[in-house]
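Asks:
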Amino acid sequence: MASTIRRTLANCLNTASQIPTILAATFSQREGAMSEALSLQFIEHATAMQTGAHDVACPLCGPDRKSTHNRVRRVLRVFIKPDGFVTYTCARCGADGYFLPDGKREVRKPHNSPSMSIVTPDHDAKQRKKARFLWSRSVPAEATVMRYLQQSRGYGGEIPSTIRFLPGRYGHHPAMITAFGMAEEVECGRYEIPPGNVQGVHLTLLKEDGSGKAGTDRDKLMVGPSKGFPIMLAPPNDGQGLILSEGIENGLSAHEATGLGLWVAGSAGRLGSLAASVPSFIESVTIVADDDPSGRKGARALAFALTARNIEVLSTAPIDEEEAAA
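Spelled out as structure tokens, the structure:
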């Protein structure tokens, strides 16, 4: 994995000048066609409009996945209230929105738009409290997390101190846990996050022995109102270089290969929202995203925002000129 990331990063240096040309390419044109897939009719079919929470496959990002397992993975959480009010959010691509019961009128929330909210301040506070409780139960990364990253994912570097282990209990799987929020560099090359700065947590559910992910319908979970906050794993290097990665594991491989600092979004849909958190002293950002439509879209949104701030941008997400022009 590390060698693949290293080759990809090298190729990025030759294509970095192309990044600005694709910044406004696909957002509005592709969004309309994709959003039609997530209709009220789809939700009625998937949930039978039964009151409560439902986890279903996402019709937006699921069809783009390479494996059948990932295409049908239940990453879209739908919640139906007794009065017929419906909310939905995807843990993978970041799609979210709601339907009103009055005439079943659909109202969508644009991706990466913090100005609209479908949750109350009380709900945010409860979720943040839950996230901080989970973080308080975590312990330094031990054999389970180390085996997952080193043997299952091929990572051979040091485990960042902001990657921790959450023991399983009451039938819940153990997990690798990281926190969304602004961490502090307590010593050269090492972050710590004050408990009061934790805005949310990211969980990767693991097998008991750490030989891989747990194999549930949703092995990766996010808790807390954390969009726009990074998972800070490694401080920028002496050259003020920083990796912003869609996911933790690929980000670690890129960090190991380059020595650059590492912040993680948690999902492709959150990449664009990280731009505002990047300090002005950062000179160059390398974006690491999956080679799929949601990854490329997230990388473009982030590249657009960073370029507007005159920050140099490199990206491992391939530039598909035909897709950009579609």
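Residue numbers for the sequence shown follow my numbering, beginning at 11 and rising by one. Every residue gets a Cβ at the ideal spot worked out from N, C-alpha and C, and that includes glycine. Quantities reported herein were computed from a predicted structural model and do not represent experimental measurements.
At what residues does the beta strand (DSSP E) containing isoleucine 90 begin and finish?
Replies: Along the sequence shown, one-based indexing puts residue 90 at 80. Element bounds for isoleucine 90: 86-90.
Asks: To the nearest angstrom, how far is the alpha carbon of threonine 245 from that of glutamine 51?
Replies: For the purposes of this step, residue 245 is identified with residue 235 of the sequence shown, where counting begins at 1. For the purposes of this step, residue 51 is identified with residue 41 of the sequence shown, where counting begins at 1. Note that residue 245 is proline in the sequence shown here, rather than threonine. Approximately 46 Å between the Cα atoms of the pair.
Asks: Buried or exposed, going by whether 16 or more other CB atoms sit within 10 Å of the CB of alanine 286?
Replies: Position 276 of the sequence shown, counted from the first residue, corresponds to residue 286. Its Cβ having fewer than 16 others within 10 Å, alanine 286 is exposed.
Asks: Taking DSSP's pairing of strands, which residues face glutamate 194 in a bridge?
Replies: If you number the sequence shown from 1, residue 194 lands on position 184. According to DSSP, which records beta bridges pairwise, glutamate 194 is partnered with Glu202.
Asks: Under DSSP, the beta strand (DSSP E) around alanine 242 begins and ends at which residues?
Replies: By 1-based counting over the sequence shown, the position of residue 242 is 232. The sequence shown places methionine at residue 242, not alanine. Residues 241-244.
Asks: Does the stretch 274-288 touch the stretch 301-313, meaning 3 or more C-beta pairs lie closer than 8 Å?
Replies: The stretch 301-313 is in contact with the stretch 274-288.
Asks: I need the boundaries of the alpha helix (DSSP H) containing histidine 64, first residue and last residue.
Replies: Walking along the sequence shown from the start, residue 64 turns up at place 54. It is not in any alpha helix (DSSP H) - histidine 64 instead sits in the beta strand (DSSP E) that spans 62-66.
Asks: Counting only runs that start and end within the stretch 279-305, where is the beta strand (DSSP E) found for 3 or more residues in a row?
Replies: Taking only runs of at least 3 residues, the beta strand (DSSP E) segments lying wholly in the stretch 279-305 are 294-298.
Asks: Measure the C-alpha to C-alpha separation of histidine 183 and valine 233 and round it to an integer number of angstroms.
Replies: Within the sequence shown, numbered from 1, the residue matching residue 183 stands at position 173. Within the sequence shown, numbered from 1, the residue matching residue 233 stands at position 223. If I take the Cα positions, the gap works out to 16 Å.
Asks: Going by CA-CA distance only, name the one from Arg102, Ala278, Ala105, Val88 that's closest to arginine 306.
Replies: Stepping through the sequence shown from its first residue, residue 306 is reached at position 296. The shortest C-alpha separation from arginine 306 is found at Ala278.
Asks: Rounded to whole angstroms, what is the Cα-Cα separation between phenylalanine 109 and lysine 136?
Replies: Your numbering for residue 109 matches position 99 in the sequence shown. Your numbering for residue 136 matches position 126 in the sequence shown. Distance between the alpha carbons of phenylalanine 109 and lysine 136: 23 Å.
Asks: Taking serine 236 as the reference, which of Ala189, His55, Ile297, Arg81 has the closest Cα?
Replies: Within the sequence shown, numbered from 1, the residue matching residue 236 stands at position 226. Closest option to serine 236, Cα to Cα, is Ala189.
Asks: When you compare the CB positions of leucine 252 and isoleucine 292, do they come within less than 8 Å of one another, or not?
Replies: By 1-based counting over the sequence shown, the position of residue 252 is 242. By 1-based counting over the sequence shown, the position of residue 292 is 282. Cβ distance < 8 Å, so leucine 252 and isoleucine 292 count as in contact.
Asks: Excluding the 5 residues preceding and the 5 following leucine 75 in the sequence, name in chain order all residues of the same chain whose CB lies nearer than 8 Å to its CB.
Replies: As a working note, residue 75 is residue 65 in the sequence shown. Checking the sequence shown, residue 75 turns out to be arginine, not leucine. Correct list, in chain order: Arg81, Arg83, Asp302.
Asks: Please determine, among Gln161, His212, Gly166, the residue with the shortest C-alpha to C-alpha distance to threonine 172.
Replies: Along the sequence shown, one-based indexing puts residue 172 at 162. Closest option to threonine 172, Cα to Cα, is His212.
Asks: Tell me whether arginine 138 sits in a helix, a strand or coil according to DSSP, three-state version.
Replies: As a working note, residue 138 is residue 128 in the sequence shown. Helix, per DSSP.
Asks: Do the stretch 162-171 and the stretch 261-271 touch if we need at least three Cβ pairs shorter than 8 Å?
Replies: With contact defined as three or more Cβ pairs closer than 8 Å, the stretch 162-171 and the stretch 261-271 are in contact.
Asks: Would you decide whether glutamate 266 is buried or exposed? Buried here means 16 or more other CB atoms lie within 10 Å of its CB.
Replies: If you number the sequence shown from 1, residue 266 lands on position 256. Around the CB of glutamate 266, 16 or more other CB atoms lie within 10 Å, so the residue is classed as buried.
Asks: Quick one: Cα of valine 295 to Cα of valine 196, how far?
Replies: Within the sequence shown, residue 295 is the residue found at index 285, counting from 1. Within the sequence shown, residue 196 is the residue found at index 186, counting from 1. Between valine 295 and valine 196, the C-alpha separation is close to 22 Å.
Asks: Can you tell me whether glutamine 60 is buried or exposed, with buried defined as 16 or more other CB within 10 angstroms of its CB?
Replies: Locating residue 60 in the sequence shown gives position 50, counting from the first residue. Counting Cβ neighbours within 10 Å, glutamine 60 comes out exposed, since fewer than 16 surround it.
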